[in-house]
Amino acid sequence: MSEPAPLTTDDPGQVASATPPAPGRSRRLGDRGLAVAFVSPALLLLLGMSVFPLLWALYLSFTDYSATRGGPAHFVGFGNYTAILTSAQVHLRALTTLIYVVGAVSLQTVLGFSIAYLISRRTHGRGALTTLFLVPMMLSPVVVGLFWRFMLDAQFGVVNSMLGSLGLGQVEWLTRQRTALLSLIVVDTWQWTPFIMLIALAGLTAVPKYLYEAASIDRASEWFRFRTITLPLVWPLLLIAVLFRAIEAFRLFDLVYILTSGGPGVSTETLSFHVYKVAFLGFNTGTASAYGILMVLVVIVLTQLYLRYLNKLKED
């Protein structure tokens with residue numbers, strides 16, 4: 003039996019070619035190439051807007067550079083950092099900032115969680131109440147500062163008018179050292195308590211209902227259910243909200259600028275406002291850069307310690 007003859011064709015175009023495409027022929031991008039093409043613009047923008055200014059400020063912090071003085075900057079080493087860390091004025095501003103942060107964040111946490119707990123127990127009108135409480139957080143800090151500056155005015159403010167109608171004396175809220183910092187804490191609490199309330203409300207609504215049902219079957223009291231079910235489950239989420247608010251309060255500037263401008267005297271001059279005065283009123287750019295770097299380092303160290311506590315709490 004004869005073997006079959008191999009297939010042949012006179013048209014070479016009908017034969018499949020196994021040779022690779024020519025080097026000049028275009029090829030489609032792979033998944034990795036597409037990812038790089040889409041991520042690169044955002045990454046370059048992030049480097050240009052965030053990383054480069056931080057590195058430039060780090061360089062300026064080791065110099066005596068001034069934005070208004072001509073000539074090159076001179077390297078001074080750790081002179082700016084030494085002057086800052088040994089300055090009694092800086093210690094006073096740091097104490098003022100600490101009092102403000104602890105007072106404002108503590109008050110916001112207590113009020114925000116209390117409001118969220120009361121709202122979570124309602125079955126009707128919960129959405130309307132939540133939206134109403136969120137209004138202050140939606141306003142610009144400059145608008146809030148101007149709004150409260152008129153309300154706390156010693157002569158024509160609404161607050162003193164209400165106190166006068168109740169037979170109480172007028173209070174110089176923004177022009178006395180004892181009440182100026184308290185006024186800042188109250189205004190910041192009024193604006194940012196809804197932030198804590200919103201996160202706490204999300205945690206309260208996520209608590210499983212069967213836990214409360216089991217506690218009701220066992221005839222557990224309201225305080226026992228709050229202490230053993232509600233608070234332990236919401237506490238980690240509440241601590242994250244406290245972390246965000248503490249970082250924001252630590253770098254407070256706008257309310258101080260609008261309400262008191264750091265006064266009376268320096269009683270409400272926080273670290274951020276002091277950096278503004280050093281940089282844009284004293285034109286000591288190198289010293290102000292050192293202030294900024296130190297503040298970033300403080301926030302990073304405290305945040306890392308706080309996150310370690312959160313991780314330990316999660317493991318327990």
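For reference, each letter of the sequence shown is one residue, going 3 to 318 in the working numbering. For each residue, glycine too, the CB sits at the ideal point set by N, CA and C.
With a contact defined as Cβ atoms closer than 8 Å, A204 and G114 miss out at about 12 Å.
Here the alpha carbons of S167 and Y83 stand approximately 52 Å from one another. Y119 has its alpha-carbon roughly 16 Å from the corresponding atom of L213. For W225, the enclosing alpha helix (DSSP H) starts and ends at 224-227.
Taking the Cβ atoms as the reference, A251 lies roughly 7 Å from D190, within the contact range of under 8 Å.
By the neighbour-count criterion, in which a residue is buried when 16 or more other Cβ atoms sit within 10 angstroms of its Cβ, Q157 is exposed. Around F275, the same chain offers F255, V258, Y259, G264 as residues with beta carbons nearer than 7 Å, after the five sequence neighbours per side are excluded. Under DSSP, F77 forms a beta bridge with T65.
Boundaries of the alpha helix (DSSP H) around H93: 90-122.
Annotation: A39 to L56 spans about 26 Å, alpha carbon to alpha carbon. From the listed residues P196, T98, L60, the smallest Cα separation to L299 is found for L60.
The count of Cβ pairs closer than 8 Å, one atom from the stretch 160-174 and one from the stretch 96-105, stays below three, leaving the stretches out of contact. For E271, the secondary structure class from DSSP, reduced to helix, strand or coil, is coil. Exposure of P234 is indicated by the presence of fewer than 16 other C-beta atoms within 10 angstroms of its C-beta. DSSP places N286 outside both helix and strand once states are collapsed to three, so it counts as coil. A37 sits exposed, since fewer than 16 C-beta atoms from the chains shown fall within 10 Å of its C-beta. A check of alpha carbon separations from G147 across Q193, T305, S116, S122 identifies Q193 as the nearest. Non-local beta-carbon contacts of S42 in its own chain, meaning distances under 8 Å to residues more than five positions away in sequence, are absent. Boundaries cannot be given for S142, as no alpha helix (DSSP H) includes it and DSSP labels it neither H nor E. Under the three-state reduction of DSSP, L170 is assigned to coil, being neither helix nor strand.
S122 and T289 have their C-alpha atoms roughly 49 Å apart.
Rounded to whole angstroms, G169 and L186 show a C-alpha spacing of 25 Å. If you draw a straight line from the Cα of Q172 to the Cα of L165, it is about 7 Å long.
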